Every structure is written in structure tokens, then in C-alpha cells.
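> Each step along the sequence shown adds one to the number in our numbering, with nothing skipped, and position 28 is 41.
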Amino acid sequence: WAMLVLDEFFAQGDEEKRLGIPVGMLNDREKINRPNSQIGFIEFLVSPLMIATASLFPALQPLSQQLFYNAERWKLVWVEEAKPAQEEVTKVVGRLQKLKVGLLRLKKG
Numbered sequence: 014w015a016m017l018v019l020d021e022f023f024a025q026g027d028e029e030k031r032l033g034i035p036v037g038m039l040n041d042r043e044k045i046n047r048p049n050s051q052i053g054f055i056e057f058l059v060s061p062l063m064i065a066t067a068s069l070f071p072a073l074q075p076l077s078q079q080l081f082y083n084a085e086r087w088k089l090v091w092v093e094e095a096k097p098a099q100e101e102v103t104k105v106v107g108r109l110q111k112l113k114v115g116l117l118r119l120k121k122g
């Protein structure tokens with residue numbers, strides 16, 4: 014599903030370019046790194062939604078483990094494909110650690 018979401022973003026970006034308007038950050042197929050964009054998508058959109066939803070419906074809390082696993086898998090794909098500098102990897106690892114802490118807080122209630 015992740016690639017389908019990106020395809021939709023890119024189609025919007027193509028239309029933005031055609032109209033001569035600013036292209037949204039995740040919409041430019043020429044600038045985006047797909048795996049890294051998925052980490053950000055999970056971090057800034059999916060995770061807050063997951064935390065809020067699982068707070069209301071505790072039975073959904075086990076899904077937070079899968080969410081973190083998905084972010085970790087995207088990190089591995091990003092490292093393999095993009096071959097980023099160690100400094101960049103360290104920053105992403107730190108971001109994922111914050112994500113993990115937020116998801117662990119969910120379990121503690």
C-alpha cells in the first residue's frame with residue numbers, strides 16, 4: 014500500500030507542476046526517497062493517529078508493535094538503497110527511538 018500512496022502523491026505533484034504551483038514536500042517524484050518518506054509518514058501521520066486510536070480502543074495496542082516494526086524495516090531498506098552517511102543513519106535511529114518511546118507509553122497507559 015505504501016507505494017500506492019506514493020503514486021497518488023506523485024500524481025498530485027505532477028499536476029501541481031503542470032499548473033505551475035508549488036509542489037508539496039512528499040509529491041515530487043524527482044526529489045523523494047521512497048523508503049525515507051515512509052519513515053516520516055509513519056512518524057508524523059500514522060503514529061499519532063495510532064496512539065490516539067489505541068488510547069481510545071486498548072484492544073488495538075498490539076498493532077503499535079507492528080507499526081514500529083514497519084518503520085524499522087523501512088529504515089533497513091533506506092540504508093540499503095540510499096547508502097546514507099552514518100550521521101544521517103544516527104538521526105533516523107534517534108527518530109525511531111522517539112517513536113518507540115511514544116508507542117511504549119501507550120502500553121503503560
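Note that the Cβ used here is the ideal one computed from N, Cα and C, for glycine as well.
Bear in mind the structure is a predicted one, so any value in this text is a computation, not a measurement.
Which full runs of the alpha helix (DSSP H) of 4+ residues lie inside the region 69 to 95, going along the chain?
Segments of the alpha helix (DSSP H) lying fully in the region 69 to 95: 76 to 95.
> Around the Cβ of Val77, are there at least 16 other Cβ atoms within 10 angstroms (buried) or fewer (exposed)?
For the purposes of this step, residue 77 is taken as residue 64 along the sequence shown, with counting starting at 1. Rather than Val, the amino acid found at residue 77 in this sequence is Ser. Ser77 should be labelled buried.
> Exposed or buried, which one is Ile34 when buried takes at least 16 other CB atoms within 10 Å?
Within the sequence shown, the letter at position 21 stands for residue 34. Looking at its Cβ environment, which holds fewer than 16 other Cβ atoms inside 10 Å, Ile34 is exposed.
> Comparing alpha-carbon positions, which option in Ser68, Lys113, Glu28 lies nearest Leu80?
Numbered from 1 along the sequence shown, position 67 holds the residue referred to as residue 80. Nearest C-alpha to Leu80: Lys113.
> Look at the alpha carbon of Glu56 and the alpha carbon of Thr103, and state the distance between them as a whole number of angstroms.
Against the sequence shown, residue 56 aligns to sequence position 43. Against the sequence shown, residue 103 aligns to sequence position 90. The straight-line gap from Cα to Cα measures roughly 16 Å.
> The alpha helix (DSSP H) with Pro48 in it runs from where to where?
For the purposes of this step, residue 48 is taken as residue 35 along the sequence shown, with counting starting at 1. Start and end: 47 to 54.
> Starting from Arg31, follow the alpha helix (DSSP H) in both directions and report where the run begins and ends.
Your numbering for residue 31 matches position 18 in the sequence shown. Arg31 -> alpha helix (DSSP H) spans 15 to 32.
> Secondary structure at Gly115, three-state DSSP: helix, strand or coil?
Position 102 of the sequence shown, counted from the first residue, corresponds to residue 115. DSSP places Gly115 in helix when its eight states are reduced to three.
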